[in-house]
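Q: Please read through the structure below; I'll follow up with questions.
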Amino acid sequence: MALPRMKVVSLTDAAANRVREIIARSPKPIAGLRVGVKNGGCAGMSYTMEYAEEIRPTDEVVEDKGVKVLIDPKAILFLLGTEMDFQTTKLSSTFVFNNPNQTSACGCGESVAITPAALPGAAAPAG
Numbered sequence: 125m126a127l128p129r130m131k132v133v134s135l136t137d138a139a140a141n142r143v144r145e146i147i148a149r150s151p152k153p154i155a156g157l158r159v160g161v162k163n164g165g166c167a168g169m170s171y172t173m174e175y176a177e178e179i180r181p182t183d184e185v186v187e188d189k190g191v192k193v194l195i196d197p198k199a200i201l202f203l204l205g206t207e208m209d210f211q212t213t214k215l216s217s218t219f220v221f222n223n224p225n226q227t228s229a230c231g232c233g234e235s236v237a238i239t240p241a242a243l244p245g246a247a248a249p250a251g
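Per our numbering, the sequence shown runs over residues 125 to 251.
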């Protein structure tokens, strides 16, 4: 019997509603919102989001609350178990990533340090 797959990313209602709005406002057909990570910033990594016109064969497709989020395959271990939220304050509105793999963040909030998740059942590193 296969183990159930852990969702790479889950969305709050606020995040799902915002993704739905973003996709609806796109001037061209969109397959979903692609989420990933890239090297950069003072803490080491930052989250990325972009329109995805098509689903790539290597994308991890997450369907949650009626929206499609596509995860860049290089980002899966960095995002595993992350809850994506959308928060609005008096001064800003932004997506927030509640990531259990995040070990620190820079003071400005633009970048984070993330340790890749260990896969369940994977052997621990020798040492």
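C-beta atoms are modelled at their ideal positions from N, C-alpha and C, and glycine is treated no differently.
Three or more C-beta pairs closer than 8 Å, one from the region 199-206 and one from the region 173-181: is that the case here?
A: Counting Cβ pairs under 8 Å, fewer than three are found: no touch.
Q: Is the CB-CB distance between Ser170 and Val161 below 8 Å?
A: The residue given as residue 170 occupies position 46 in the sequence shown. The residue given as residue 161 occupies position 37 in the sequence shown. Contact flag set, yes.
Q: Just confirm the distance between the C-beta atoms of Ile146 and Glu177, as a whole number of angstroms; I'd bet it's less than 8 Å.
A: Within the sequence shown, the letter at position 22 stands for residue 146. Within the sequence shown, the letter at position 53 stands for residue 177. Not really, about 14 Å apart at Cβ, beyond 8 Å.
Q: DSSP three-state call for Ala176: helix, strand or coil?
A: What you label residue 176 is simply residue 52 of the sequence shown in a count that begins at 1. Residue state, collapsed to three classes: strand.
Q: Identify, in the order they occur along the chain, each residue of the same chain with its Cβ nearer than 6 Å to the Cβ of Leu135, setting aside the five sequence neighbours on each side.
A: Translated into positions along the sequence shown, residue 135 becomes position 11. For Leu135, where only same-chain residues beyond five positions count, the Cβ hits under 6 Å are Asp188, Lys189, Met208.
Q: Measure the C-alpha to C-alpha separation of Ala246 and Leu204 and round it to an integer number of angstroms.
A: Here residue 246 corresponds to residue number 122 of the sequence shown, with the count starting at 1. Here residue 204 corresponds to residue number 80 of the sequence shown, with the count starting at 1. Unreliable positioning characterises Ala246 in this predicted model, as indicated by a pLDDT of 49, which lies under 50. The coordinate reading is nonetheless provided below. Roughly 15 Å separates the two Cα atoms.
Q: With a 10 Å radius around its C-beta and 16 neighbouring C-beta atoms as the bar for buried, classify Leu215 as buried or exposed.
A: The count along the sequence shown starts at 1 and reaches residue 215 at position 91. Exposed, since its Cβ has fewer than 16 Cβ neighbours within 10 Å.
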